[in-house]
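Under numbering that gives the first Met the number 0, the first residue of the sequence shown is numbered 0, with each subsequent residue one higher.
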Amino acid sequence: MRNRLTPLFAALIWCASAISAAAVEVKAAVLRVDYQTLLPISRYDLRPDDLGFAGAVLADEDNGTTGGFLGHTYETSHIAAPPEQADAALDQILADGVRLVVVLANAEDLLRLTDKAAEAGALVFNATAPDTALRDGECRGNLLHIAPSRAMNADAVAQFAVWKKWGDWFLIAGSNPADVALAEAFRRSAVKFGARIVEDRTFEDTGGSRRTDSGHVLVQRQLPLDTQDASDHDVVIAADETDYFARYLSYHIWTPRPVMGAGGLRPVAFHGAHEAWGATQFQTRFEELAGRYVRPEDYNTWLALRVVGEAVTRANTAEPDGVRDYVLSEEFGLAAFKGQKVTFRDWNGQLRQPILLYDGSITVSVSPQEGFLHQTSPLDTMGLDGPESGCTAFE
């Protein structure tokens with residue numbers, strides 16, 4: 000009996016030693032820069048204190064499920080800081096030895112923090128900034144984009160409008176810089192997919208209250224006047240990233256038409272009612288954890304850390320260069336509850352992914368739409384394709 004057990008014990012010892020040798024301690028951080036902003040139009044959209052962080056907790060649980068079998072451990076710290084303290088917060092993260100950082104910040108702060116992280120050899124994941132320039136001439140080799148770009152979101156809307164044969168657009172844009180940038184993205188999408196902007200107007204942000212009685216009264220009086228006498232159109236495209244007027248459009252425009260963009264039917268990375276492709280179990284686990292519905296910021300943070308977890312599992316490394324090289328390779332693919340595996344564009348570090356079109360209640364459709372073809376992937380019909388991108392940091 001003893002002789003028969005000896006090989007078994009030897010095999011167990013070998014397995015234990017192999018797991019020990021392959022063990023990886025994964026330390027990451029989520030840095031959220033908190034800006035002073037106006038309250039949202041709807042109190043349903045008040046920002047939870049754990050925005051983004053709840054997604055990180057769920058990602059650690061998910062990564063730990065697989066990692067536990069391999070001896071991998073995951074520990075993610077969560078830091079919220081105002082803009083003036085963001086650099087100090089990143090300094091502390093780097094001083095703690097963390098080299099994998101998920102950042103929720105605007106483009107200006109993200110770029111500065113990314114450059115600081117690069118000096119320490121750290122890899123940064125962009126969870127919120129939609130600026131197309133970050134995937135173009137302002138790209139960074141140590142910056143990977145989980146959040147869809149404005150160009151991707153605009154293209155997702157444009158494809159659905161064109162698929163519906165709503166080719167004549169009435170574009171209404173806000174006057175704030177982010178609104179102007181989104182409007183330009185929609186103009187590019189119209190050219191790209193053969194739609195026609197028959198009317199292009201600006202809705203001025205006068206700084207009035209959006210939530211008191213005067214808020215809706217002001218909009219109710221102003222919007223019909225500002226939208227009358229428009230050329231014949233099939234659909235209204237709203238560019239209102241600052242959430243000032245677009246969600247009032249559906250019931251206050253002069254000529255009743257479908258509204259898409261920043262109001263009506265909106266492009267999102269994820270939302271709390273999405274159930275297709277196994278998403279129900281994700282939603283259930285998130286709600287049990289956080290006691291609320293998931294937000295895109297939570298999903299993007301979760302997805303960034305799941306990207307890390309997949310790289311650690313498959314490539315057995317948590318080193319920034321190793322993670323980056325693996326996820327940019329053809330070997331990488333990750334299930335993300337969107338019907339197909341998500342992968343990265345190796346020319347600018349953007350995660351290619353389907354975009355959900357959401358009406359505030361359900362997933363109405365998912366882009367890319369049927370019939371929009373690409374030589375590599377239909378997902379590359381949305382956002383900057385390789386020849387369109389001026390990014391050289393990944394060459």
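Just so it is clear, CB atoms sit at the ideal spot from N, CA and C, and this is done for glycine as well.
- For the pair L99 and V307, the CB atoms are nearer than the 8 Å cut-off.
- With a cutoff of 8 Å on beta-carbon distance, A55 and T300 are scored as near each other.
- CA-CA distance, G359 to P295, rounds to 13 Å.
- The beta-carbon separation of A229 and A237, rounded to 13 Å, does not stay under the 8 Å limit for a contact.
- Here R186 carries a helix assignment [DSSP, helix/strand/coil].
- Comparing alpha-carbon positions, the option among D242, A126, D324, F68 lying closest to S148 turns out to be A126.
- Per DSSP, W301 is one residue of the alpha helix (DSSP H) stretching across 295-314.
- Put simply, the backbone Cα of D345 is about 11 Å away from that of S388.
- With respect to G262, D239 sits close: the two C-beta atoms are nearer than 8 Å.
- Straight-line spacing of the CA atoms in A85 and G321 works out to 26 Å.
- Rounded to whole angstroms, I40 and N315 show a C-alpha spacing of 46 Å.
- Boundaries of the alpha helix (DSSP H) around A88: 85-94.
- Here the segment 71-85 lies against the segment 20-40, with 3 or more beta-carbon pairs under 8 Å apart.
- The segment 162-170 makes contact with the segment 193-204: 3 or more CB pairs, one atom from each, lie closer than 8 Å.
- Rounded to the nearest whole angstrom, the C-alpha separation of W276 and E394 is 35 Å.
- The segment 337-376 is shown to contain whole beta strand (DSSP E) runs of 3 or more residues at 354-357, 362-366, in chain order.
- DSSP places H251 within a helical segment (H, G or I) once states are collapsed to three.
- By the 16-neighbour rule on beta-carbons within 10 angstroms, F68 is exposed.
- In the DSSP assignment, N125 falls within the beta strand (DSSP E) that extends over 122-125.
- For F331, the three-state secondary structure derived from DSSP is coil.
- The alpha-carbon of G206 is positioned some 26 Å away from that of R31.
- Assigned with DSSP and collapsed to three states, V97 falls in coil, not helix or strand.
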